[in-house]
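In the numbering used here, the protein residues as written are 1076 to 1792.
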């Protein structure tokens, strides 16, 4: 008995087993309560495909709506599509093309000025022949980037030499030729599927003109590919009107009084079954067993789709038991209140509570998918025992839940103070109220029902907004989450831990401020989490609180304590600030991804200064004794902070001012990290490195701005 008990306890300590149990319970609760609410044991007397045991006649004249609808749909399908031509799109395209070529002319003229200036400074007289000029020698990279910024968004610095090699006449003629050609095509009407053919025809036209080389023609093609839009548009309204008119020509199929609907011994068709059901001759034919099977099949389908979506878009979640547990709790946070409110009033929507919390916890794309998943699950809980999953109540709840959830998520910004959850809940409530009012319109409701539907919907959203403010901190603490609200709290200079950093290690604090600016700018440029990067940068050197005076930036008017230590001892102390930072972060309950960045921001880098000093002193140091323990950066934010940390210290130490000089220096630093394999374990691309370096340079150039020199004794001040 004791052995069985100990085995059970041991299994419960296994996180994966606990998560599986929670998921099973959540799924079981959802399916079971849905079955209890929706399954009926009624049986039907007739079913499609069965042989009728008696002859049924129409008790009165009745329209066969099923067969009539099929005939009318067939008539609609025979109506050809109707198109309309939007002439305003022609004028818009002409304006865009003219604007693009005007910018090309501006770039060409600027390049000509650079050409003249280049040879004037060298005292050389050269005849200007644009097609013979080696523009890459005349124009600097910064000039080409500046020129490219004046042009359309699809033009980059690589296109500048081509534009510069054109003459003013060529640009003007090409513009006129294209505008004239496109105007003619627009008057005829251009379908979406015709755009490629029109571009190909324009390319042939330019080629036949004989005045442009392949590069010039390709430039013109690029303009059309960007500016050309279809103006021959499918006219939905006109086509639908024509289809409705065709459908109206089909007369109702009517069974006259006492006319046979189905004869004895005849197999029942779908149309006959629908008519029998309309007249009240039949009941639902689904059995209790089939309804249970259908329920489990439905939920199995929904969960499989959810699993495949996560596996496709965010597979790391499948390995993170903490996130799985969080998702399971969010599902239960929607299911349990819904089961309670269903018995009170089915118009109360509690889906917004977990959706608002999910929007603050999960990635935006996953949060949107979660809202759809939860809305489907909770709507099924409102199924009735006749129409089951496809009842009007299920549809109403589903639409209300989706409309309110997405309204809440759109309203809820990523950098959100907790008061914003109330606005998010209000947006959800308004959307739900609108859905309830529309439902009342179709249901022929009374004035009282309109009022009730509006205020119940509004109250649902506001209630969920209030509850999310109280429940979200529980999730933050329970799962060490870095929600925007939590990050904004940690970024507050008045927070206790940041105040300690400010006063106990002021040099490190000012270093961290610059690193935060660099990291935020870089993450914004590559699409990473800029707020997380900024806040993590504030705390990345948290471990220096342990021995402040052992770090140069904090040795204000004090001797360098490393002068009396061996290189190995100094390196060990320097490296210890990472592990000490992790200890403090965990003790202060900082979010896990901030703690991870603290642990990873040096990766396995070499403490090069003390390693070199050891070699200079004639020692034979082992490289592994002078490397940080790691791990290497596992996220783009951690990688950016590693680069920002290195760049800030090095650029400041070398007192660099010039932008190109700073860029080259940072490029060497980052390349060194790349060669050392520090970014091998995170998802960061070559393009990201380029954007990061450019962002760093902008921040450093901003920090190096010049100040006005005051007259008199201002210098003494």
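The C-beta atom is built at its ideal place from N, Cα and C for all residues, glycine as well.
In the three-state scheme derived from DSSP, where H, G and I count as helix and E and B as strand, residue 1164 is classed as helix.
Of all C-beta pairs linking the stretch 1687–1698 to the stretch 1748–1765, fewer than three are shorter than 8 Å, placing the two stretches out of contact.
Going by beta carbons, residue 1595 and residue 1609 fall inside the 8 Å limit.
A distance of 8 Å or more separates the beta carbons of residue 1512 and residue 1475.
Annotation for residue 1210: 1236 and 1239 place their beta carbon closer than 6 Å to its own, counting only its chain and skipping 5 residues before and after. For the pair residue 1243 and residue 1171, the Cα-to-Cα distance works out to about 19 Å. Distances from the CA of residue 1734 to each of 1220, 1773 and 1645 were compared; the closest alpha carbon is that of 1773. Distance from the CA atom of residue 1682 to the CA atom of residue 1722, rounded to whole angstroms, is 15 Å. Taking the Cβ atoms as the reference, residue 1339 lies roughly 50 Å from residue 1523, outside the contact range of under 8 Å.
For residue 1470, there are no CB contacts under 7 Å within the same chain when 5 residues up- and downstream are skipped. The straight-line gap separating the alpha-carbon atoms of residue 1607 and residue 1500 is approximately 25 Å. In the displayed model, residue 1342 falls within a strand according to three-state DSSP. Two segments are said to touch when three or more pairs of C-beta atoms, one from each, lie closer than 8 Å; by this definition the stretch 1436–1447 does not touch the stretch 1414–1423. Residue 1478 is positioned such that its CB atom lies no closer than 8 Å to that of residue 1502. For a cut-off of 8 Å, the C-beta gap from residue 1179 to residue 1213 is around 18 Å, too long to register as a contact. Shown here, residue 1282 sits in a helix according to DSSP, grouped into three states. For residue 1748, the enclosing alpha helix (DSSP H) has its first and last residue at 1734–1750.
Around the beta carbon of residue 1372, fewer than 16 other beta carbons lie within 10 angstroms, which makes this residue exposed. DSSP, read as helix, strand or coil, puts residue 1308 in strand. In this structure, the CA atom of residue 1152 is about 9 Å from the CA atom of residue 1321. The beta carbon of residue 1655 lies closer than 6 Å to those of 1618 and 1621 in the same chain, with the five residues before and after it left out. Ranked by Cα distance from residue 1628, the first of 1577, 1161 and 1250 is 1577.
For residue 1590, the enclosing alpha helix (DSSP H) begins and ends at 1581–1601. Under the three-state reduction of DSSP output, residue 1132 falls in the strand class.
The beta carbon of residue 1445 is closer than 6 Å to those of 1433 in its chain, skipping five residues each way along the sequence. Annotation for residue 1123: no beta strand (DSSP E) segment contains it, and DSSP assigns it neither H nor E. Your pair residue 1278 and residue 1292 checks out as a contact, with CB atoms roughly 6 Å apart and the cut at 8 Å.
By the Cβ criterion, the stretch 1151–1169 is in contact with the stretch 1303–1316, since at least three pairs of Cβ atoms, one from each stretch, lie closer than 8 Å. In this structure the stretch 1285–1301 does not lie against the stretch 1194–1202, because fewer than three pairs of beta carbons, one per stretch, are closer than 8 Å.
8 Å or more divides the Cβ of residue 1510 from the Cβ of residue 1536. Residue pairing from DSSP places residue 1329 in a beta bridge opposite 1138.
It is roughly 25 Å from the alpha-carbon of residue 1584 to the alpha-carbon of residue 1753. Boundaries of the alpha helix (DSSP H) harbouring residue 1649: 1642–1662, taken from the DSSP string.
Counting only the Cα atoms, residue 1717 lies some 11 Å from residue 1611. With a cut-off of 8 Å on Cβ pairs, the stretch 1213–1227 is not in contact with the stretch 1244–1257, counting fewer than three such pairs. Here DSSP, grouped into helix, strand and coil, assigns residue 1423 to coil.
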